[in-house]
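In the numbering used here, the protein residues as written are 629 to 946.
For every residue, glycine included, the Cβ atom is placed at its ideal position computed from N, Cα and C.
Report on one structure; see the data block that follows.
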Ligand SMILES: NC(=O)c1ccc[n+]([C@@H]2O[C@H](COP(=O)([O-])OP(=O)(O)OC[C@H]3O[C@@H](n4cnc5c(N)ncnc54)[C@H](O)[C@@H]3O)[C@@H](O)[C@H]2O)c1
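This is how it looks when you write it as structure tokens:
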């Protein structure tokens, strides 16, 4: 990305946006990154640079910001996530699909580069469970997964038909300490840290053996930056790249936390999110991302747990 580029982030107040905004501002300068969301900013992180309200459903409002600030790149993060999507399928369809189409249309008109995250939710019960490959059966059973699958095809279509430089990653469950997760099936892997430190116990909404692919936010943000910086001819996949870093079950995570907090106790009370988790692969193969643009994860389960506990304890003490 050239130094004089201007970045628009849509959905900047969410779990990824909170950290991606800071990383992009550190890299490209505060004034080069315009953070936007449906919601008012309440965090000093997001106030530390341009921030405005924007609804991704309003295409004209996106166009106005793009024109006014000479935006060159959009990071489109606004979405309804897996567990929330099952409660309001038509709302999830409309935000996830029409929002993406608005962004792609604006990118087509103004010649913008786009980052849009997909998800391992594109996979379903008929996909391979272990080391699920880049190209395989994708028959998702959640409305969220269906929107991610259709969204990937839409990105590829806009690239093929109109030359839009859109890039995407199939993120696994993301773990972070800055912002709370936004209604996904892997939210337990964030909530557990706060409850472990505050109360010494946690009741998990998935069964103890439910292994899922996961990634620490530092790796997730770095992956987005690396994919966006690579020359366009190295981005061979214009649907979305498989990436991953680790796979673990709630039982594995509780055991890793117990190494730091020996009195921590985990209880299990599976709810409707169990069905969603059961439909997803347990691990993801990411050889194509590694060979095309060099993806390598840095954090494993134990490094992630140590870092999460350190930061959440520090924030609680402030
Ligand atoms: N967090 C994860 O574990 C994970 C995993 C895979 C993929 N993803 C994808 O990454 C993207 C970002 O995820 P996240 O976890 O940060 O989500 P999040 O729910 O934490 O944040 C989404 C943000 O979008 C905003 N938003 C919602 N509707 C909007 C609208 N109409 N206009 C503008 N903003 C709107 C919300 O206010 C929120 O701040 C999504 O596409 C999601 O599907 C996330």
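Quick one, are the C-beta atoms of residue i and residue j less than 8 Å apart?
| i | j | result |
| --- | --- | --- |
| residue 843 | residue 872 | yes |
| residue 990 | residue 820 | Since the first and last residues shown for the chain are 629 and 946, residue 990 lies out of range. |
| residue 785 | residue 939 | no |
| residue 710 | residue 749 | yes |
| residue 707 | residue 639 | yes |
| residue 864 | residue 935 | no |
| residue 929 | residue 874 | yes |
| residue 782 | residue 732 | yes |
| residue 770 | residue 904 | yes |
| residue 853 | residue 651 | yes |
| residue 910 | residue 834 | no |
| residue 801 | residue 811 | no |
| residue 832 | residue 896 | yes |
| residue 725 | residue 779 | yes |
| residue 803 | residue 894 | no |
| residue 759 | residue 941 | no |
| residue 799 | residue 753 | no |
| residue 703 | residue 738 | no |
| residue 656 | residue 633 | yes |
Ordered along the chain, which non-local residues of its own chain (more than five positions away) have a Cβ less than 6 Å from that of residue i?
| i | result |
| --- | --- |
| residue 860 | 793 |
| residue 653 | 661, 677 |
| residue 761 | 913 |
| residue 877 | 837, 838, 839 |
| residue 696 | none |
Short of 8 Å in beta carbon distance, which residues of its chain neighbour residue i, apart from the five on each side in sequence? Order them along the chain.
| i | result |
| --- | --- |
| residue 764 | 751, 755, 756 |
| residue 693 | 636, 662, 664, 680, 682, 699 |
| residue 790 | 736 |
| residue 729 | 782 |
Where DSSP assigns a beta bridge to residue i, which residues make up the other side?
| i | result |
| --- | --- |
| residue 664 | 638, 680 |
| residue 893 | 829 |
| residue 912 | 760 |
| residue 793 | 741 |
| residue 901 | The partner list for residue 901 (beta bridge, DSSP) is empty, contrary to what the question assumes. |
| residue 798 | 746, 870 |
Would you say residue i faces chain D, with C-beta separation under 8 Å as the test?
| i | result |
| --- | --- |
| residue 797 | The structure shown contains no chain D; it is built from a single protein chain. |
Leaving out five residues on either side along the sequence, give the residues of the same chain with a beta carbon under 7 Å from the beta carbon of residue i.
| i | result |
| --- | --- |
| residue 641 | 665, 667, 669, 674 |
| residue 851 | 797, 871, 923 |
| residue 775 | 720, 721, 724, 725 |
Is it the case that the CB of residue i approaches a heavy atom of ligand 3 more closely than 7 Å?
| i | result |
| --- | --- |
| residue 747 | Only ligand 1 can be found as ligands here, which leaves ligand 3 out of the picture. |
Suppose only complete runs of 4+ residues qualify. What are the alpha helix (DSSP H) ranges in the stretch 683-761, listed by chain order?
Listed in chain order, they are 687-697, 710-715, 717-721, 727-738.
Could you tell me which whole alpha helix (DSSP H) segments of length 4 or greater appear in the stretch 800-875?
Fully enclosed alpha helix (DSSP H) runs of 4 or longer: 816-826, 845-857.
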